[in-house]
Every structure is written in C-alpha cells, then in structure tokens.
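See structure below.
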Amino acid sequence: MAKSKTVSRHTLLDACAENGPTPERRARSEFVGTAPPRVLRTVQALLQVGDITQLAADAAERWYRDYVFGYCDYVEFSDQHRPSTLTRHDAVSWQLVRARAMARITAVRDALGLCAHQRLRMLLVDELSFRAMGEALFPAISAGSSQRKIAAQCALLLEQLAARQEAERKATKADRATRNKAPQPDMELVARTEQA
1 MAKSKTVSRH TLLDACAENG PTPERRARSE FVGTAPPRVL RTVQALLQVG
51 DITQLAADAA ERWYRDYVFG YCDYVEFSDQ HRPSTLTRHD AVSWQLVRAR
101 AMARITAVRD ALGLCAHQRL RMLLVDELSF RAMGEALFPA ISAGSSQRKI
151 AAQCALLLEQ LAARQEAERK ATKADRATRN KAPQPDMELV ARTEQA
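Written out as structure tokens, the structure reads:
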C-alpha cells in the first residue's frame, strides 16, 4: 500500500498565490497590479481620466461586491482584511448577511431604475468596454458617438450611486444614534408624579 504524501499548509497557500489569469486571458485584457490580479475595468479608466471621483469608484466596488455575494454566494476579501473573532457564521446567519447584500442591490435598482441597474451590470459584472456597451444600447448610431454617450451615462450613474450610498450611510448612522440615545424623562410627567 502506497503511503499518501502530506502537503503543508504553506505549500498550499503558495500554490494559491500563483493562481492567476491564463496566458490567453492576459492577452485579451489589461490587468491592474493587485493581488489577485483584476481586469482594468472601465471604472478605473473613468477614474484615471478624472470623469468620476474616488468616492464613486469605491461605491462601484461596494456595489460589485454586494452583487457577487448576493448572486454568486461568495466574498472576496482584500489583503488587509482581518477576520472578526466575535462572530462565526453558520449557514443561517450567512444567508441572512447575503440577503442584506441582495436588499442593498434591490434598493439601488428601485432608487435609480432598471436601466441604471442594467448599465451597472454591464459595466461592473460583465466588464464590457464602452464600445461594446454602446453597440448593445445604441445600435443605430455610430460607434464613437455611442461610446461617448455611454461613458457620460456611466460617469453620471456612478456619481449618483456614490451619493445614494453616502445618504444611506448617514441615515443609518442617525438611526443608530437615536436608538442608542437614552430616552429623556418627560418633565411634566415627573412634576405631576412628585405632586401626587
């Protein structure tokens, strides 16, 4: 009987770190120097040109993470991520967190509209270029004109997404502050109670 070979944990981690795009995929796309390597998306192109702010690019990344978690049921953590030692998710709590991500996606779709949701999907999930998006959405006009139109629409949409997320964050913070604030006693009721 042959003895099975044991592999150390560090060897497995090193092998996973080497995983990356295939040579064919590298030839088709331009990658950002992150770990793991990501395709240079149109969001980074808009950011480099100055059409959107860093807040809009961050909002797009949050929306993308919610979308992937909600629809595909996995989360990509950054290198700086520190796992929480306070909570451990079981199957039920994991699905509740996933449901919250889907609720955020649905709220954005309801607030900005189905056309905006479709453009976000094409831009962030499908990673289409402006040219490909323009050909799909505006087939009757020239490629250059449709590319400029869709780039402007996407820049405006990402700024709206950032503003919506900021407003939602402020509302959540205000709601927490009012919930955590101790209720003040009604002075008139206290005075009547003391007189009695």
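Take the sequence shown: its position 16, counting from 1, is numbered 16 in full-length UniProt numbering, and each next residue is one higher. Cβ atoms here follow ideal geometry from the backbone N, Cα and C, with glycine treated the same way. Being a predicted model, the structure only gives us computed values, none of them experimental.
Assigned with DSSP and collapsed to three states, S145 falls in helix. The beta carbons of L157 and R119 sit closer together than 8 Å. Within its own chain, the residues whose Cβ lies closer than 7 Å to the Cβ of R98, once the five positions on either side in sequence are excluded, are F69, G70 and D73, listed in chain order. The segment 100-116 makes no contact with the segment 46-57; the number of CB pairs closer than 8 Å stays below 3.
In the structure shown, A140 falls within a coil segment according to DSSP collapsed to helix, strand and coil. Nearest in C-alpha terms to Q147, of all of A163, Y67, E159 and S129, is S129.
Around the beta carbon of D66, 16 or more other beta carbons lie within 10 angstroms, which makes this residue buried.
A174 has its alpha-carbon roughly 31 Å from the corresponding atom of L47. Ranking A177, L161, S93 and N180 by CA distance to the CA of R62 puts L161 first. Residue environment for A155: buried (at least 16 other C-beta atoms within 10 angstroms of its C-beta). Here I105 carries a helix assignment [DSSP, helix/strand/coil]. Here K181 carries a coil assignment [DSSP, helix/strand/coil].
In the DSSP assignment, D90 falls outside any alpha helix (DSSP H) and carries neither an H nor an E. Listed in chain order, the non-local C-beta contacts of A143 below 7 Å within the same chain comprise R131, G134 and E135, local neighbours out to five positions each way being set aside.
Put simply, of T106, A152, T42 and L124 the residue whose alpha carbon is nearest the alpha carbon of Y64 is L124. Counting along the chain, the unbroken alpha helix (DSSP H) around G70 starts and ends at Q54 to C72. Take the alpha-carbon of T42 and the one of K181: they are about 44 Å apart.
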